[in-house]
Amino acid sequence: MTSEFNSTSTADQVLAGMDLRNYRFLITGVSSGVGAETARTLVAQGATVIGTVRSPAKAQDEISNLQRVAEQGGGALEVVELDLASLRSIHACTDKLLAEGDRFDVILANAGVMATPFGHTDDGFETQFGTNHLGHFVLINRLMSSVRPGGRIVIVSSNGHRGADVDLDDPNFDITPYDPWVAYGRSKTANSLFAVELERRYRGSGIHACAVMPGTSNTPLMRHLTDDKVDEVFDQIASDRQKGGAAPLKLKTLPQMAATSVWAAVVAEGEKIGGRYLENCNVAEVDDVPGIRDGVMSYALDPQRARLLWEKSEELVDECFEQ
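Using our numbering, you'd call the opening residue of the sequence shown number 1232 and step up by one each time.
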């Protein structure tokens, strides 16, 4: 599948001329970065966005900005409190949304953490796996009954998935020595595999799920890294791209980073992106040569690994999700 858009396209360009007044989105993590930019472009086209934030008080400036854009574009922004590192918070959030009874056209799992020091969520899961994967796993599954037929689930992954497959035997680094980049890679592979299994379970209802690589940039996601570490990351990616014969690394702007998410949400054909990993407003090619660059590792699309991860995730959160 080839799109008319590419790595330099912005979310505004992708949505140009679209009327989204009848669309309702849930987006996690709209207080800054790519999540805020994604929400901005959608409400500017008339969409209603329910955006989650960990601390509404701390995010008030960004929320006010998004609400001004919504008023100008005919859209609407509502904010709900959510901490993906707490099952209690996730249950409270989903209970509230389900009680309201409104349905969603798209759930966009955008929030996440990267390269954190070793730690655990409120429920004892390794921070990155627990937040990036398990938090969204519970949130989305509890809300699937509110997704309209023909809806989309867009899960933000990363080319960081190329650094590590999931470890179903030691997801919390109880045995394995902790490495922040291995942990990040595992969580981003889990994001992709979650989309694969969601697609298998729900495509019969016309609901499609996919994983998205937004692009590389110095966003608030890198807040746990020193400036020197950020430079090291970019240098390593540039080296890996060069070794693989790819074009030199070009950092994306926030509008460019939001483009693939909104393309997947409302522009791309669901049948063609369902269960796939997307980048640069296109379906990514499988590339199993090691290195952090474009392309998706085959283990991140493996249907058997996806089913096993689902089962392991249910075991960890002590909750079973049936369609």
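All C-beta atoms, glycine included, are put in the ideal place defined by N, C-alpha and C.
Legend entry - Opening and closing residue of the alpha helix (DSSP H) in which HIS1322 lies: Note, HIS1322: alpha helix (DSSP H), 1318-1331.
Inset, instruction - Classify PHE1256 as helix, strand or coil using the three-state DSSP reduction. - result: PHE1256: strand per DSSP, three-state reduction.
Legend entry - Cβ neighbour criterion (16 or more within 10 Å) applied to HIS1351: By the 10 Å Cβ count, HIS1351 comes out exposed.
Inset, instruction - Kindly indicate which residue of ALA1531, GLY1522, GLN1467 and HIS1439 has the alpha-carbon position closest to the one of GLU1502. - result: Here the closest residue by C-alpha is HIS1439.
Legend entry - Proximity to TYR1415 [Cα-Cα], best of ASP1405, SER1389, PHE1356 and ARG1432: Residue SER1389 is the option with its Cα nearest to TYR1415.
Legend entry - Run of the beta strand (DSSP E) containing ALA1440, from where it starts to where it stops: That run of the beta strand (DSSP E) goes 1439-1444.
Legend entry - Coil, strand or helix - ARG1383 by DSSP: Note: ARG1383 maps to strand in three-state DSSP.
Inset, instruction - Can you tell me which of GLU1516, PRO1521, ALA1537 and GLU1550 puts its alpha carbon nearest to the alpha carbon of THR1233? - result: THR1233 has its Cα closest to that of GLU1516, out of GLU1516, PRO1521, ALA1537 and GLU1550.
Inset, instruction - Kindly give me the distance between the Cβ atoms of PHE1236 and ALA1490, rounded to whole angstroms, as I take these residues to be in contact under 8 Å. - result: Taking C-beta atoms under 8 Å as the contact rule, PHE1236 and ALA1490 qualify, at a distance of about 6 Å.
Legend entry - Span of the beta strand (DSSP E), counted from its first residue to its last, around ILE1281: It spans 1279-1284 - the beta strand (DSSP E) in which ILE1281 sits, taken as one unbroken run.
Legend entry - Simplified DSSP assignment, three categories, for PHE1335: Three-state result, PHE1335: strand.
Legend entry - Between the CA atoms of GLY1394 and GLY1476 - distance to the nearest angstrom: One C-alpha to the other measures close to 18 Å.
Legend entry - Cβ neighbours of THR1325 in the same chain (closer than 7 Å, five flanking residues each side left out): For THR1325, where only same-chain residues beyond five positions count, the Cβ hits under 7 Å are LEU1370, ARG1373 and LEU1374.
Legend entry - Close-in-space but distant-in-sequence residues of the same chain around SER1423 (CB under 8 Å, 5 per side omitted): When the five nearest sequence neighbours on each side are left out, the beta carbons in the same chain lying within less than 8 Å of the beta carbon of SER1423 are those of ILE1386, SER1388, HIS1392, ALA1442, TYR1508, VAL1527, ALA1531 and LEU1532, in order along the chain.
Inset, instruction - Helix, strand or coil for GLU1510, going by three-state DSSP, please let me know. - result: In this structure, GLU1510 counts as strand in the three-state DSSP scheme.
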